[in-house]
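S.K.:
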Amino acid sequence: MKVDRIIIKEGSTSFTVPREHSQKGPGSRGESVFFNRQMAFNRDVSIMFLRSLDQKMRIVDSMSATGSRALRIANEVPSVSVVANDIDPRAAKMIEDNVRLNGLNNVTVTNEDLSCLLSREVFDYVDLDPFGSPMPFFHASIRGVKRHGILALTATDTAVLAGARRRKCERRYMARPLSGPICHEAGLRILLGSLGRELARFDRGMVPLLSFYSDHYFRVHVRCLAGAAKADETLEQIGWMSYDRKTLRRSVSCDPEEHPYGPMWLGQLHDPSTLNAMRSDEGLEEPRRCARMLELWREELNTPLTYEVSELSSFLKLPTPPIDRLIRKLQENGSGSRNHISPTAFRSTLPLEKILECYREVVEIDNL
Ligand SMILES: C[S@@+](CC[C@H](N)C(=O)[O-])C[C@H]1O[C@@H](n2cnc3c(N)ncnc32)[C@H](O)[C@@H]1O
């Protein structure tokens, strides 16, 4: 069957995609090769991230579909060579057409199961972008990353990680998710935690360089480290969370006693020097959104303790103050920042009583 195609431009790269493709939302496995226009921001982040590393790299886009990410990387990041792989022969054909369309000579197209490819070859950077959960592909991807290479992956099984399907999360990630106001924070950390535990089985550790939630998906970029000591250091940063809806108390601990949610990653989501080296200029598709997100990622505190303004407002039975003013007040008291996950959330390591006090003060000043 001949597929009806159109040519689109994203960033500085053009490619053909099926005329019928997802414009927003998670997108679904359709009849034709997959493409989701809304993931342009996700691909912009790959470009900013890889440019910031400023290295000669061998990269695999292991689930490439139309080749959109692989081609953008090959075209927009200097000094890289890219393998664009997809198990679907129609996808491989489309990627080949797209390589010709852009006149690229640094892309190799392969058409195989990523498990076969990554058991034969290793790369400096492995990208994994499945339909739904990346968990079934962790093992193969880890084998395909060089000793100090980078693994970047997307998870679109957000409902599972964020607690809407608890049993499935327990089966798939061997972790108990949280529902409610901090479900996405916990989901992102459950994803990182299960990746860290999988790496540890191979005597490898990880340092997250950039991890975020956006639109309908989680995305993480981790530097993989070699050696049992690094695996142990990674496991030491995986723990549990407690959360009581009635009192608003939450805490994290490396001991599961009285901390029922997790295991999850409690360490850094982002590496400050990586973020500082990332730039939102030069031909990205959504430069303003990239600039805004970079600012948020750079600014957010390194703590899993996060709150939604709405939960404080219902708890105290007070109106909602402007979040910027509340964060300023928290900062004056020693700890507060926005949280990239939600425009109405903030991070703080202050005791709950202090946070409530700050909240009351800001609301009172607002009502004077
Ligand atoms: C969500 S799409 C990838 C989208 C793409 N990265 C993009 O940015 O447009 C998932 C792709 O993975 C491919 N796939 C599924 N299982 C695979 C496997 N075991 N090995 C390689 N590719 C696979 C599918 O054919 C599909 O094209």
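Following my numbering, the numbering of the sequence shown begins with -15 at its first residue and continues without gaps.
Ideal Cβ positions, reconstructed from N, Cα and C, are used throughout, including at glycine.
1) Which partner residues does W249 have in the DSSP bridge list?
2) Quick one: using the 10 Å Cβ neighbour count with 16 as the cut-off for buried, is G87 buried or exposed?
3) Which ranges does the beta strand (DSSP E) cover as unbroken runs of at least 3 residues, wholly within the stretch 73 to 161, from first to last along the chain?
4) What does the Cβ neighbour count give for L175, buried or exposed, with the cut at 16 atoms within 10 Å?
5) When you measure from the CB of D367 to every non-hydrogen atom of ligand 1, does any distance come out below 7 Å?
6) Per DSSP, what kind of secondary structure is V29 in: helix, strand or coil?
7) Going by alpha carbons, who is nearest to H132 out of D141, R42, S(-2)?
8) Would you say the beta carbon of D141 is closer than 7 Å to some non-hydrogen atom of ligand 1?
9) Going by the C-beta, is D113 closer than 7 Å to any heavy atom of ligand 1?
10) With distances taken Cα to Cα, identify the nearest neighbour of R207 among I349, R229, H254, N317.
11) Could you pull out every residue in the same chain whose Cβ sits closer than 7 Å to the Cβ of D187, ignoring the five residues on either side in sequence?
12) Report the three-state DSSP secondary structure of E341 (helix, strand or coil).
13) Shortest alpha-carbon distance to I53 belongs to which of Y201, G116, N26, T140?
14) Does DSSP classify G171 as helix, strand or coil?
15) Using only the alpha-carbon positions, how far apart do K130 and S(-2) sit?
16) For Q221, count neighbouring Cβ atoms within 10 angstroms of its own Cβ and tell me buried if that reaches 16, exposed if not.
17) Assign T231 to buried or exposed, taking buried as 16 or more other Cβ atoms, counted over all protein chains shown, within 10 Å of its Cβ.
18) Are the beta-carbon atoms belonging to S294 and L278 less than 8 Å from one another?
19) Per the contact definition of three or more C-beta pairs closer than 8 Å, is the stretch 161 to 178 in contact with the stretch 283 to 290?
20) With hydrogens ignored, establish whether the beta-carbon of L81 is closer than 7 Å to any heavy atom of ligand 1.
21) Assuming P118 and L112 form a contact by the criterion Cβ under 8 Å, report the distance between their Cβ atoms to the nearest whole angstrom.
22) Does R234 come out as helix, strand or coil in the three-state DSSP assignment?
23) Is the number of C-beta pairs between the stretch 244 to 263 and the stretch 184 to 202 that are closer than 8 Å three or more?
24) Less than 8 Å between the CB atoms is what I'm expecting for H59 and T94, so what's the real figure, rounded?
25) To the nearest angstrom, how far is the alpha carbon of N323 from that of R312?
26) Give the straight-line distance between the Cα atoms of I307 and M225, rounded to the nearest whole angstrom.
27) If you run the structure through DSSP and keep just helix, strand and coil, what is T258?
28) Can the beta-carbon of V17 be found less than 8 Å from the beta-carbon of R74?
29) Would you mind giving the Cβ-Cβ distance between V144 and L179, rounded to the nearest angstrom? I have them listed as a contact below 8 Å.
30) Looking only at its own chain, which residues have a Cβ that is under 7 Å from the Cβ of A184, when we skip the five neighbours before and after it?
31) Select from V64, F33, E316, E182 the residue whose C-alpha is nearest the C-alpha of R156.
32) Taking only heavy atoms of ligand 1 into account, decide whether any of them is closer than 7 Å to the Cβ of S117.
33) Just tell me which of G223, N89, V61, E169 has its CA closest to the CA of S198.
34) Mapping DSSP to helix, strand and coil, what is N317?
35) Using a 10 Å radius around the Cβ and a threshold of 16 neighbouring Cβ atoms, would you call F33 buried or exposed?
36) Considering only the alpha carbon of each residue, which of M78, A261, P161 lies closest to T142?
M.R.: Let me spell this out:
1) Numbered from its first residue, the sequence shown carries residue 249 at position 265. According to DSSP, which records beta bridges pairwise, W249 is partnered with I222.
2) In the sequence shown, residue 87 corresponds to position 103, counting from 1. Exposed is the call here.
3) Runs of the beta strand (DSSP E) inside the stretch 73 to 161: 91 to 94, 107 to 112, 129 to 139.
4) As a position in the sequence shown, residue 175 is number 191, starting the count at 1. Classification for L175: buried.
5) Missing from the structure shown is residue 367; the chain here goes from -15 to 352 and no further.
6) On the sequence shown, position 45 is the one that residue 29 refers to. V29 falls in the helix class under three-state DSSP.
7) Within the sequence shown, numbered from 1, the residue matching residue 132 stands at position 148. For the residues D141, R42, S(-2), the minimum Cα distance to H132 belongs to R42.
8) Here residue 141 refers to the residue found at position 157 of the sequence shown. The answer is no for D141.
9) For the purposes of this step, residue 113 is taken as the residue at position 129 of the sequence shown. Answer for D113: yes, Cβ within range of ligand 1.
10) As a first step, residue 207 must be located in the sequence shown, where it is residue number 223. For the residues I349, R229, H254, N317, the minimum Cα distance to R207 belongs to H254.
11) Position 203 of the sequence shown, counted from the start, is the residue given in the question as residue 187. Within the same chain, D187 has close Cβ partners G211, A212, A215.
12) To locate residue 341, count along the sequence shown from 1; it is residue 357. The answer is helix: DSSP assigns E341 an H, G or I state.
13) Reading the sequence shown from its first residue, position 69 is the one you call residue 53. Per the sequence shown, residue 53 should be read as Arg rather than Ile. Measuring from the Cα of R53, the nearest candidate turns out to be N26.
14) Locating residue 171 in the sequence shown gives position 187, counting from the first residue. In the structure shown, G171 sits in a helix (DSSP, three-state: H, G or I).
15) By 1-based counting over the sequence shown, the position of residue 130 is 146. By 1-based counting over the sequence shown, the position of residue -2 is 14. The straight-line gap from Cα to Cα measures roughly 30 Å.
16) Mapped onto the sequence shown, residue 221 falls at position 237. Buried: at least 16 other Cβ atoms inside 10 Å.
17) Here residue 231 corresponds to residue number 247 of the sequence shown, with the count starting at 1. Classification of T231: exposed, given that the 10 Å Cβ count is below 16.
18) Start at 1 with the first residue of the sequence shown, and residue 294 comes out as number 310. Start at 1 with the first residue of the sequence shown, and residue 278 comes out as number 294. The answer is no: Cβ separation not under 8 Å.
19) yes
20) The residue labelled residue 81 in the question sits at position 97 within the sequence shown. It is worth fixing the name first, because residue 81 is Asp in this sequence and not Leu. Here the distance from the Cβ of D81 to the nearest heavy atom of ligand 1 is not below 7 Å.
21) Taking the sequence shown and counting its residues from 1, the one referred to as residue 118 is at position 134. Taking the sequence shown and counting its residues from 1, the one referred to as residue 112 is at position 128. The pair is a contact, with the Cβ atoms about 5 Å apart (cut-off 8 Å).
22) Working through the sequence shown from its first residue, we reach residue 234 at position 250. Residue state, collapsed to three classes: strand.
23) yes
24) In the sequence shown, counting from the first residue as 1, residue 59 sits at position 75. In the sequence shown, counting from the first residue as 1, residue 94 sits at position 110. The identity of residue 59 in the sequence shown is Asn, whereas the question assumes His. Beta-carbon to beta-carbon, N59 and T94 are separated by about 19 Å, too far to satisfy the 8 Å threshold.
25) For the purposes of this step, residue 323 is taken as the residue at position 339 of the sequence shown. For the purposes of this step, residue 312 is taken as the residue at position 328 of the sequence shown. Answer to the nearest angstrom: the Cα atoms are 14 Å apart.
26) The residue given as residue 307 occupies position 323 in the sequence shown. The residue given as residue 225 occupies position 241 in the sequence shown. Spanning the two alpha carbons is a distance of roughly 25 Å.
27) For this step, residue 258 is matched to residue 274 along the sequence shown. Here T258 sits in helix by DSSP.
28) Start at 1 with the first residue of the sequence shown, and residue 17 comes out as number 33. Start at 1 with the first residue of the sequence shown, and residue 74 comes out as number 90. Taking 8 Å as the Cβ cut-off, V17 and R74 qualify as a contacting pair.
29) Numbered from 1 along the sequence shown, position 160 holds the residue referred to as residue 144. Numbered from 1 along the sequence shown, position 195 holds the residue referred to as residue 179. Actually they are not in contact, since the Cβ atoms of V144 and L179 sit about 15 Å apart, beyond 8 Å.
30) Here the question's residue 184 lines up with position 200 in the sequence shown. So the list reads A215, T218, L219, once near-sequence residues are dropped.
31) For the purposes of this step, residue 156 is identified with residue 172 of the sequence shown, where counting begins at 1. Here the closest residue by C-alpha is E182.
32) As a working note, residue 117 is residue 133 in the sequence shown. Answer for S117: no, Cβ out of range of ligand 1.
33) Position 214 of the sequence shown, counted from the first residue, corresponds to residue 198. Ranking the options by Cα distance to S198, first place goes to E169.
34) Taking the sequence shown and counting its residues from 1, one reaches residue 317 at position 333. Note: N317 maps to coil in three-state DSSP.
35) Translated into positions along the sequence shown, residue 33 becomes position 49. Buried, because 16 or more other Cβ atoms sit within 10 Å of the Cβ of F33.
36) Counting from 1 along the sequence shown, the entry for residue 142 is found at position 158. The residue with the shortest Cα to Cα distance from T142 is P161.
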